[in-house]
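Before any comments, here is the structure.
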Amino acid sequence: MSYTQMTINILGAIREVPYGFVCSYGEVARAAGYPNGARQVVRVLSSLGSKENLPWHRIVNKKGEIALSGDGEFEQIVRLELEGVKFVKEGKVDPNCFYHYK
DNA sequence: CTGCTGACGGTTC
DNA sequence: GGAACCGCCAGCA
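When we follow the working numbering, the leftmost residue of the first sequence carries the number 35, and every step to the right adds one.
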């Protein structure tokens, strides 16, 4: 496994999200050093999400909604609820559970 | 090498 | 308030 620096930075940023919190794509990208890299975060999660042992379920879009649909969405919701993340609505996490990088 | 795609976000109209 | 674009760039065909 040899990734580009960008991928490594993004992976690192994703791993910083603590248990019981969620984070948006944009924030992860910013934390990794790419202010406009949301789409790259998408790529990383999509292609390496399950392979790299990432807390992929802690990443949602800025509105706090699950960006996946169908099967993946269900699994993500289950995993988050298991961590104590609250939902204000089906498929939408409580804004208070958002983690903000320093 | 070229073009298309993607679990998004911000701006504009 | 919401739809429509544009930017961003690593992978893969």
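No residue lacks a Cβ here, since even glycine has one placed at the ideal position from N, Cα and C.
- Under the three-state reduction of DSSP, SER81 is assigned to helix.
- Approximately 7 Å separates the beta-carbon atoms of ILE93 and ILE48; this is inside 8 Å, confirming the contact.
- PHE55 sits buried, since 16 or more C-beta atoms from the chains shown fall within 10 Å of its C-beta.
- When DSSP states are grouped into helix, strand and coil, ILE93 belongs to the strand group.
- Taking the Cβ atoms as the reference, GLN110 lies roughly 6 Å from LEU102, within the contact range of under 8 Å.
- Under the criterion of beta carbons closer than 8 Å, GLY98 and PRO129 qualify as touching, at roughly 6 Å.
- Shown here for ILE100: same chain residues with a beta carbon closer than 7 Å to its own, the five before and five after excluded, namely VAL94, GLU107, GLN110, ILE111, GLY125 in chain order.
- With fewer than 16 other CB atoms across the displayed protein chains lying within 10 angstroms of its CB, VAL122 is exposed.
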